[in-house]
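S.K.:
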Amino acid sequence: NLKEGKHADVQLLIDATDVNNARVIKNGFFALTQAYEVKEGLPHVTPQVVPHLRLWFNPGRKESLHIVPGAIALVTWIFPALLSAFAMVREKEQGTILQLYASSITAFELILGKAIAYFCVGFAESMLVVAEGMAVFGITFVGNPFAFLFCTVLYVASG
1 NLKEGKHADV QLLIDATDVN NARVIKNGFF ALTQAYEVKE GLPHVTPQVV
51 PHLRLWFNPG RKESLHIVPG AIALVTWIFP ALLSAFAMVR EKEQGTILQL
101 YASSITAFEL ILGKAIAYFC VGFAESMLVV AEGMAVFGIT FVGNPFAFLF
151 CTVLYVASG
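Numbered continuously in UniProt numbering, the sequence shown closes out at residue 159.
1. Taking C-alpha atoms, which residue in Ile116, Pro145, Val38 lies nearest to residue 192?
2. Where does Trp56 sit, in a helix, a strand or coil, going by DSSP?
3. Where does the unbroken alpha helix (DSSP H) through Phe137 begin, and where does it stop?
4. Name the residue from Arg23, Glu40, Thr76, Phe108 whose alpha carbon lies nearest to the alpha carbon of Ala124.
5. Output the distance between the C-alpha atoms of Val156 and Phe30, rounded to the nearest integer angstrom.
6. State the CB to CB distance for the pair Phe141 and Ser64, rounded to an integer number of angstroms; the pair is presumed to be in contact (CB under 8 angstroms).
7. How close, in whole Å, do the beta carbons of Pro80 and Tyr36 come, if the pair is a contact with beta carbons under 8 angstroms?
8. Apply the 10 Å Cβ neighbour rule to Ser104 and answer buried if 16 or more other Cβ atoms are within range, or exposed otherwise.
9. With DSSP run on the structure shown, which of helix, strand or coil describes Leu13?
Here it is as structure tokens:
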């Protein structure tokens, strides 16, 4: 169609969730269309293949919309378990765990006491990271905040 001077449509859909990969794909598409024009001997005065971009998802190309919620989930998942593991190791290194073994508390009570303390720390950390994401990166909260809090409690407890 292009050799005959007719209009030809080509559609390329790019997922812009990862902005860097979207740019690479877009630039590759531009290079491919230019190489096609050269190969087919189309005139170079104006490009015969003109891509029109329409961003349906992530139109502002803000990576923080995707990275910050992932960071929130990562902090909520890893840090409470990591902190409680460090606490147990520290007690073993300092020898205070022997005092806990000799005390009248059961192993379940020991673990429960540690878990509750670090659950509270983990939940507070999660809320702090959410507040920071909203204040610093301009992430808006969409949805039911009570459902979010309930799911955050479950998520921290499962970690």
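For every residue, glycine included, the Cβ atom is placed at its ideal position computed from N, Cα and C. Quantities reported herein were computed from a predicted structural model and do not represent experimental measurements.
M.R.: Quick look at the numbers:
1. Outside the modelled stretch of the chain, which goes from 1 to 159, sits residue 192, for which no answer is possible.
2. Counted from its first residue, the sequence shown places residue 56 at position 56. Note: Trp56 maps to coil in three-state DSSP.
3. For the purposes of this step, residue 137 is identified with residue 137 of the sequence shown, where counting begins at 1. Where Phe137 is concerned, there is no enclosing alpha helix (DSSP H), given that its DSSP letter is neither H nor E.
4. Residue mapping note: residue 124 aligns to position 124 of the sequence shown, counting from 1. For the residues Arg23, Glu40, Thr76, Phe108, the minimum Cα distance to Ala124 belongs to Thr76.
5. What you label residue 156 is simply residue 156 of the sequence shown in a count that begins at 1. What you label residue 30 is simply residue 30 of the sequence shown in a count that begins at 1. Cα to Cα, the separation comes out at about 46 angstroms.
6. Here residue 141 is taken as the residue at index 141 of the sequence shown, counted from 1. Here residue 64 is taken as the residue at index 64 of the sequence shown, counted from 1. Contact doesn't hold; Cβ gap of about 14 angstroms is too wide.
7. The residue given as residue 80 occupies position 80 in the sequence shown. The residue given as residue 36 occupies position 36 in the sequence shown. Actually they are not in contact, since the Cβ atoms of Pro80 and Tyr36 sit about 54 angstroms apart, beyond 8 angstroms.
8. Working through the sequence shown from its first residue, we reach residue 104 at position 104. Classification of Ser104: exposed, given that the 10 Å Cβ count is below 16.
9. Your numbering for residue 13 matches position 13 in the sequence shown. DSSP places Leu13 in coil when its eight states are reduced to three.
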